[in-house]
Structures are given as C-alpha cells and as structure tokens.
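Here the structure is laid out as structure tokens; the discussion comes afterwards.
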Amino acid sequence: MIAITEAAAHQIVKLIAKEEQQQLAGLRVGVKAGGCSGFEYTFAWESTPKPTDQVFEGVDGAKVFVDPRSLRLLDGTTLDYDTGLLSKGFVFQNPQAKNTCGCGVSFSIEEKA
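Residues -14 to 98 in my numbering are what the sequence shown lists, from first letter to last.
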C-alpha cells in the first residue's frame, strides 16, 4: 500500500488541472535500477492506469498508479510533497529504503534472507 499525504494529493490535482488538454488521470510512480545506491524513483503523468497497476487514491480524487514490480519496493511508502525553501517536489518516505545516496535520488534496500 502507498499512502498519499494531503500535500501530495493537492499538488497532483493542481498539476493535472494545469494540463487539462492532455486529459491526465494520475501520477505514475515507480522504481527502476540506477543511481549510486541501486534504485531510483520514477514519475510520469498518465491518462489511464495499465490493467495490472495498483491505483491509490488521496484526497480530492488524486490518483497514483504503481506497477506490480515497483510496488514490492514501495509497499508501506508515503508519498509527500515538500514545499521547503531548499527543495520543492514529491518525496518518498519509504520504510524499505535502508540507505540513500548523498544527493537523495537513489536508495538501496536490505535483502531478506
């Protein structure tokens, strides 16, 4: 399961509204191999979820789509939106991320025996 904070949900709805001609339905989040720690988070706007996606909904109808492979690495994660002075954007609070790189872009997980 992925939790969507109110701040993240509001930002998703706000950004989709700006792109009304594209008829976007939600934000796809995922994980791919890369970065200095092993995995990187990915984002993409989607007009419709894929048949195998899990769909998570926040306030105001904000939708997040996650493919089954990424969900294994994102299960238990909270998607938030940071409005700080030094950084602004979507952030993941992922309990499975055991190490992150210095720039905060990539992460690694502890392999289960």
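Note that beta-carbon positions come from the ideal geometry of N, C-alpha and C, so glycine has one too.
Along the beta strand (DSSP E) that carries Gln78, what are the first and last residues, could you check?
That run of the beta strand (DSSP E) goes Lys73 to Gln78.
Determine, using beta-carbon pairs with one atom in the segment 38 to 50 and one in the segment -6 to 2, whether at least three such pairs fall under 8 Å.
With a cut-off of 8 Å, the segment -6 to 2 and the segment 38 to 50 count as touching, because enough Cβ pairs lie within range.
Excluding the 5 residues preceding and the 5 following Asp60 in the sequence, name in chain order all residues of the same chain whose CB lies nearer than 8 Å to its CB.
Met(-14), Ile(-13) and Gln81.
Integer Cβ distance of Phe28 from Leu12, believed to fall under 8 Å
Correct: roughly 6 Å between the Cβ atoms.
Given a cut-off of 9 Å, decide if Phe50 and Phe92 are closer than it, judged by their beta-carbon atoms.
No, the Cβ-Cβ distance between Phe92 and Phe50 is not below 9 Å.
Boundaries (first-last residue) of the beta strand (DSSP E) holding Ala(-7)
Careful: Ala(-7) lies outside any beta strand (DSSP E), inside the alpha helix (DSSP H) at Glu(-9) to Lys3.
Cut-off 8 Å between Cβ atoms - residues of its own chain near Thr(-10), not counting five sequence neighbours on either side:
Within the same chain, Cβ atoms closer than 8 Å to the Cβ of Thr(-10) are found at Gly43, Thr63, Leu64, Asp65 and Tyr66, the five residues on either side in sequence being excluded.
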